[in-house]
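Enquirer: Residue numbers (the working numbering): 138 to 219.
Ideal placement from N, C-alpha and C gives every residue a C-beta, glycine not left out.
Below is one structure. I have some questions about it.
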Amino acid sequence: MAPARRRPEKETPELPSIPGGFLDWRHGHWSDVRAQCRYCPQMTNLRDHRGRPAHKVCAEEAARRWVAEQNERYESERGKST
Ligand SMILES: [Zn+2]
Numbered sequence: 138m139a140p141a142r143r144r145p146e147k148e149t150p151e152l153p154s155i156p157g158g159f160l161d162w163r164h165g166h167w168s169d170v171r172a173q174c175r176y177c178p179q180m181t182n183l184r185d186h187r188g189r190p191a192h193k194v195c196a197e198e199a200a201r202r203w204v205a206e207q208n209e210r211y212e213s214e215r216g217k218s219t
């Protein structure tokens, strides 16, 4: 997988490492303290890769959205004539 031209982007979410778009959060993603998910109004004990409260499903959804956004941007930039 060749890395594309790198540009400054808005924050890159943790990208799923498991086929099917699933994150591997089995280790080090649990806190005893419940806090509000950064993606939805629900409380969670889970933490994302930066230690912020997030549901695994919400983080996976965010990753999917981010990837789709990148693809869209790539398509629209490629469509532009120079
Ligand atoms: Zn959530």
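Within 8 Å: the Cβ of VAL204 and any heavy atom of ligand 1?
Expert: Not so, every heavy atom of ligand 1 lies at least 8 Å from the Cβ.
Enquirer: So, for GLU198: in the same chain, excluding its five sequence neighbours on each side, which residues have a beta-carbon less than 8 Å away from its beta-carbon?
Expert: Correct list, in chain order: TYR176.
Enquirer: To the nearest angstrom, how far is the alpha carbon of GLU206 from that of ALA200?
Expert: Cα to Cα, GLU206 sits roughly 10 Å from ALA200.
Enquirer: Put ALA191 into one of helix, strand or coil per three-state DSSP.
Expert: If DSSP states are grouped into helix, strand and coil, ALA191 belongs with coil.
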